[in-house]
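There are 2 protein chains.
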Amino acid sequence: MLLRGRPRALGAGALLLLLIGFFLFGGYPEYGLRRATVLDGGPPAGLNHSACAPQPPLPPKCELLHVAIVCAGHNSSREAVTLVKSLLFYRKNPLHLHLVTDAVARNILETLFRTWMVPAVVVSFYDAEKLKPLISWIPNKHYSGLYGLMKLVLPGVLPPSLAQAIILDTDVTFASDIAELWAFFAHFSGVILLRLDRLRQAGWEQMWKRTAKRELLALPATSLADQDIFNAVIKEHPDLVQPLPCVWNVQLSEHTLAERCYLEAADLKVIHWNSPKKLRVKNKHAAFFRNLYLTFLGYDGKLLRRDLIGCPSQLPPGAEQLQQALAQLDEEDPCFEFRRQQLTVHRVHITFLPHQPLPPHPHDVTLVAQLSMDRLQMLEALCRHWPGPMSLALYLTDAEAQQFLRFVEASPVLSARQNVAYHVVYREGAFYPVNQLRNVALAQALTPYVFLSDIDFLPAYSLYDYLRVSIEQLGLGGGRKTALVVPAFETLHYRFSFPSSKAELLALLDAGSLYTFRYHEWPRGHAPTDYARWREAQKPYQVQWAADYEPYVVVARDCPRYDSRFVGFGWNKVAHIVELDAQGYEFLVLPEAFAIHLPHAPSLDISRFRSSFTYRDCLQTLKEEFHQDLSRRYGAAALKYLTALRQPQGPA
Amino acid sequence: MLLRGRPRALGAGALLLLLIGFFLFGGYPEYGLRRATVLDGGPPAGLNHSACAPQPPLPPKCELLHVAIVCAGHNSSREAVTLVKSLLFYRKNPLHLHLVTDAVARNILETLFRTWMVPAVVVSFYDAEKLKPLISWIPNKHYSGLYGLMKLVLPGVLPPSLAQAIILDTDVTFASDIAELWAFFAHFSGVILLRLDRLRQAGWEQMWKRTAKRELLALPATSLADQDIFNAVIKEHPDLVQPLPCVWNVQLSEHTLAERCYLEAADLKVIHWNSPKKLRVKNKHAAFFRNLYLTFLGYDGKLLRRDLIGCPSQLPPGAEQLQQALAQLDEEDPCFEFRRQQLTVHRVHITFLPHQPLPPHPHDVTLVAQLSMDRLQMLEALCRHWPGPMSLALYLTDAEAQQFLRFVEASPVLSARQNVAYHVVYREGAFYPVNQLRNVALAQALTPYVFLSDIDFLPAYSLYDYLRVSIEQLGLGGGRKTALVVPAFETLHYRFSFPSSKAELLALLDAGSLYTFRYHEWPRGHAPTDYARWREAQKPYQVQWAADYEPYVVVARDCPRYDSRFVGFGWNKVAHIVELDAQGYEFLVLPEAFAIHLPHAPSLDISRFRSSFTYRDCLQTLKEEFHQDLSRRYGAAALKYLTALRQPQGPA
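Chains P and A, in that order, give the protein sequences. The first sequence runs contiguously to residue 652 in our numbering. The second sequence runs contiguously to residue 652 in our numbering.
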């Protein structure tokens, strides 16, 4: 599969990307490479199932391999993750990923790699914004736009000390160890020196610019994609091209060259075909391509967190402290699983779907909540009730994240919303890390205020507007520590007509169709809100903290984080409210605000809590430890919480 | 890692199993093998990351490789599936699996492979029962008992035409292509002939028996495991052993030999370590072992359904017809996804967990239902309400099946039950294949009668006993076609005290705490049950079919199957009741029977139904096609269903 002379229709953007590594660093005319080593365009002669010959010797097993990827935006970031998973699955060498990203992709991928903590992977970021001026003079209309063209300037962008790198498009999937690809650098090392620096010295930059400008003059085309420019340069400098065996970039196609490759080859090394549309193409070999792609799409990324065997340990930042902390846990401690869950660093993929928040407004409020698959069906109703921004953490497996993606795409209501940010926190461990999830969603809220809610509550239709007006009228901000309480109600009925006003709500309450939240089994949780007073209230009123109070509140975004020691069911919100009180927050109940809890089947975590003595004992232990920490931090002021704790209590 | 002379403590049962292929077929003293080709016990000298030398040439890419596995019981069957998944993931050759199984494993694995439909995999079964007499004279107490010893007699059991086979224990996981292992047969082919038939001719059977008997005489041991016998034979005939490079059977261990292997080797080919207990072992290389195992434990097996590239197509039984049927679907048909779902052959793993049904009783009834993860929390309550046998189909991903396993293990109520059979149907496609699931559960019911229920219904505590008595008293059976109707009720409240008698139920009904099922939104579904008559009824009464009737019924196990064209929400039970009526079943309502539906959040499928016109249009199309089929099968008798269909209707 020669790159040279490939018609444009075949040389689709992505095809080049794997070759580009070899192309850019591939050789000079004076080395006579094409005479010395010509690989056939089809499967190389002599390549059979068992032969070692066509595969050059692999690099030493601990040699660092460099990979560069250009990635911009939310969707491309998701693609890049799947590519990286396939890379990590088969790799045996340390890797250095050079990621050229826009701000969105950088934000996503920095968080992801920080929390992924894969040993023997170094990640460097390069700001794509800075590269734009270098290529923005080229008219282009290719879907990947300027980002595609950035591959042209990579030799000048990657560190001067870097001698060789494999450049990958985000839409390829590996089916083999990238070291086998890297080996092609060394294979020709007796003939030519495959060095980035030489390419730089040879004036690559002048070379492609000259060509591009001439093409622009000569062609009636109004735009040039990177592929067009590469093709033109190659046409002019054919010896730059070092073709690879076709197995290194196989596209599913009815084209005979591609089909000949995958029919005759024993082994496909990299496939290049993963767009959802293409997944439906009817082709007798479609299954291989699709299934390899789907394998890594749904692959549990945490399984890739493993040290290389036989190489010096190369732990990512934070991993060593984490290992030490885990090593200090006592496996015999009955609360071992709780403590381990608390220490778990979950992989986090922030803004998993496209998200375009409005510019910040000084009184704006983001609804913050968390959920897992069993609450997806709440999202549409929530969107109807809350037109404002939302920051939602979703606790999912990698496979569920794909289901979630399809769920949103299938919903006109959800896919129309630009101001809802979905942050995927990948599942790991036995307990639901409710407070870690809340903290992820809270950290990603972009407005000055946040409404700390739960996913099974629907806010009053007017709540978003009302909260913004209240925040403005109450003059919040400026260091005043205030938590606005949104009174909570519940219905035990599935079929339920949501009240459009406080008056309607009160009527339903009187009719017994609604209750104050957890009125039957845990009245302490909301008693301090003082529902009787709320009925009559015309303006906000202050209430005092009391034991086990866990109202839903609106606070400034810089509020205390949730205590991540509370996992699963129980005390996770209570502790947060204690923290607010300890830090001097005043609690103001809003007279027109309300939210209503909809019924749902009990979560598995609640079932476990109800049936397990260990669970309850551990929760007790964790509460005590929480109070010890409070005393340490707040001194005598924290005494009241301990006193309250020792009073007779209900279930949680 | 020499097998010869390995102390027993190290030569744990499973270690041998990979070697056994080579051991059994590995050579004779007269060929001087050990002098000709001696591989070091550690990583072979010269084995480095890039060298091809130690890896013998691979077999031709379409050569059939033979693998034998001994597998007995429910748990071992689950293990075998994970092994097979790892095998299939890396393999590039056609495989013939020779499975030596007991009746339980055969039942499970036959169904699994039939529905898995993996191209280029042939499966043969061998009855382990027949092998027992050959080895039952050997006293043993090894956990795997007689089944472990069966490996001794495999050369006599496998087909005489079979010249070589790799014998695997169920608890190994492949990290590479099994062809690389197979290649070791050929590697030595210039020196020795690795032939099963020769080993047979050489009198293997006499050899091991003689040794075993002598060992029994000489040792104070009261039992012999297969490993003991192999060790003893090897001690006597050291030249039988052909050691493999250590990477082919790596155990996670603090033992220096093993550690030296995985530190120096670049590549582990097979790992041998997957018991849940061992997964918690602290070892710096534990992650590699654990993650490889977990990869295949949760791997979506349907992704392994792909033809080999470049080999003649070898479709499993039924796959060709299926492909033709799929090819005939029109992708532009708005109901394409419905029709594709209907044709989907889901992988089925019957009796996923240990199951010990009581001997059949002539009036016994099995509760039949289906569920997915979001209804797991119903299982405990259901077990409390229904002490009788149950056959439940679970629609799960491979990863969810493991969660389900842990869920049952953590529940004393569930793990105590021996008469509940769980059949995992693996997820595939966009719609919930509700009727396919029901059919799987129905087909696996072992009693003469079945109660066709839904997972969110709790039966009256007395229902199981009452049904058996009623079946006996009514003299069911003997060709009489009767459907006993269990009247259905519902509560809209979460917190709910289940009535212990019909009188209590009626009181709750009068108090408005209970309703007849779907009284508010779909009364036609149960109206023919005639709840008013039921209130007063003292004995069973007959009712007539009417349009949209969908009662919960008890019928003989040989009742009609559910129509699998109905997927997702809507008409799936209605069509079944029509079928019963068309076949002349009488409907008898039982005066003391009842079941109560508990509330739950609407399923995603219902949400989709409610929001999608296409969904409703397709359902209408499917209903019409169903009626055409009815007319074809029942002629004029089916007219009444069509007439009923054309009357004004409600939502479904």
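Glycine included, every Cβ here is placed at the ideal spot set by N, Cα and C. Note that the structure is a prediction, hence the values are computed from the model and not measured.
| Query | Result |
| --- | --- |
| Check whether the stretch 302-317 of chain A touches the stretch 201-219 of chain A, counting contact only when three or more Cβ pairs, one atom from each stretch, lie closer than 8 Å. | no |
| If we define contact as Cβ-Cβ less than 8 Å, is residue 288 of chain P a contact residue for chain A? | yes |
| Closer than 8 Å by C-beta to residue 493 of chain A: which residues in its own chain qualify, once you throw out the five before and the five after it? Chain order, please. | 513, 599 |
| Check residue 42 of chain A in the structure and name its three-state DSSP category. | Unreliable positioning characterises residue 42 of chain A in this predicted model, as indicated by a pLDDT of 29, which lies under 50. A coordinate reading is not provided. |
| For the stretch 88-104 of chain P, enumerate the residues whose C-beta is nearer than 7 Å to any C-beta of chain A, in chain order. | 92 |
| Who pairs with residue 95 of chain P in a beta bridge, going by DSSP? | P:65, P:121 |
| Three or more C-beta pairs under 8 Å: does that hold for the stretch 68-80 of chain A against the stretch 156-170 of chain A? | yes |
| Where does residue 316 of chain P land, buried or exposed, given buried means 16+ other C-beta within 10 angstroms? | buried |
| Compare the C-beta of residue 495 of chain P against all C-beta atoms of chain A and say whether one is closer than 8 Å. | yes |
| Measure the C-alpha to C-alpha separation of residue 380 of chain A and residue 440 of chain P and round it to an integer number of angstroms. | 34 Å |
| Sort out for me which residues DSSP pairs residue 372 of chain P with in a bridge. | P:395 |
| Cα-Cα, which of A:570, A:110, A:394 is closest to residue 612 of chain A? | A:570 |
| Check whether chain P comes within 8 Å of residue 346 of chain A, counting only Cβ atoms and requiring the distance to be less than that. | no |
| Under the rule that 16 or more other beta-carbon atoms within 10 Å means buried, what is residue 137 of chain P, buried or exposed? | exposed |
| How would you call residue 574 of chain A, buried or exposed, if buried means at least 16 neighbouring beta carbons within 10 angstroms? | buried |
| Within 10 angstroms of the Cβ of residue 532 of chain A, are there 16 or more other Cβ atoms? Answer buried if so, exposed if not. | exposed |
| Would residue 307 of chain A count as contacting chain P if we go by Cβ distances under 8 Å? | yes |
| Under 7 Å Cβ to Cβ from residue 115 of chain P, same chain only, skipping five residues before and after it: list those, please. | 345, 346, 347, 348 |
| Which residues bound the beta strand (DSSP E) around residue 423 of chain A? | 420-426 |
| Just tell me which of P:554, P:564, P:566, P:563 has its CA closest to the CA of residue 589 of chain P. | P:554 |
| Does the stretch 415-434 of chain P come close enough to the stretch 556-568 of chain P to have 3 or more Cβ pairs within less than 8 Å? | yes |
| Could you check where the beta strand (DSSP E) with residue 133 of chain A kicks off and where it finishes? | Premise fails: residue 133 of chain A lies in the alpha helix (DSSP H), 128-135, not in any beta strand (DSSP E). |
| Should residue 306 of chain A and residue 287 of chain P be called a contact, given that it needs their Cβ atoms to be closer than 8 Å? | yes |
| Using a Cβ cut-off of 9 Å, which residues of the stretch 487-514 of chain P contact any Cβ in chain A, in chain order? | 492, 493, 494, 495 |
| If you draw a straight line from the C-alpha of residue 146 of chain A to the C-alpha of residue 133 of chain A, how long is it? | 10 Å |
| For the structure I just gave you, are there three or more beta carbon pairs, one from the stretch 360-379 of chain P and one from the stretch 387-395 of chain P, closer than 8 Å? | yes |
| Could you tell me how far apart the beta carbons of residue 343 of chain P and residue 326 of chain P are, in whole angstroms, since I believe they sit closer than 8 Å? | 6 Å |
| So what does DSSP say about residue 643 of chain P, is it helix, strand or coil? | helix |
| Do three or more CB pairs link the stretch 348-368 of chain P to the stretch 407-424 of chain P at distances below 8 Å? | yes |
| Counting along the chain, where does the beta strand (DSSP E) carrying residue 549 of chain A start and finish? | Counting along the chain, residue 549 of chain A falls outside any beta strand (DSSP E), and DSSP gives it neither H nor E. |
| Kindly indicate which three-state DSSP category residue 318 of chain A falls into: helix, strand or coil? | coil |
| Going along the stretch 290-301 of chain A in order, which residues come within less than 9 Å of chain P, judged by CB to CB distance? | 290, 291, 292, 294, 295, 298, 299, 300 |
| In this structure, how does DSSP classify residue 276 of chain P when only helix, strand and coil are distinguished? | The predicted position of residue 276 of chain P is uncertain, since its pLDDT is 46 and thus under 50; a value taken from the coordinates is nonetheless stated next. Coil, per DSSP. |
| Please report the residue range of the alpha helix (DSSP H) in which residue 531 of chain A lies. | 531-536 |
| Indicate whether at least one CB of chain A lies closer than 8 Å to the CB of residue 520 of chain P. | yes |
| Reducing DSSP to helix, strand and coil, say where residue 627 of chain P ends up. | helix |
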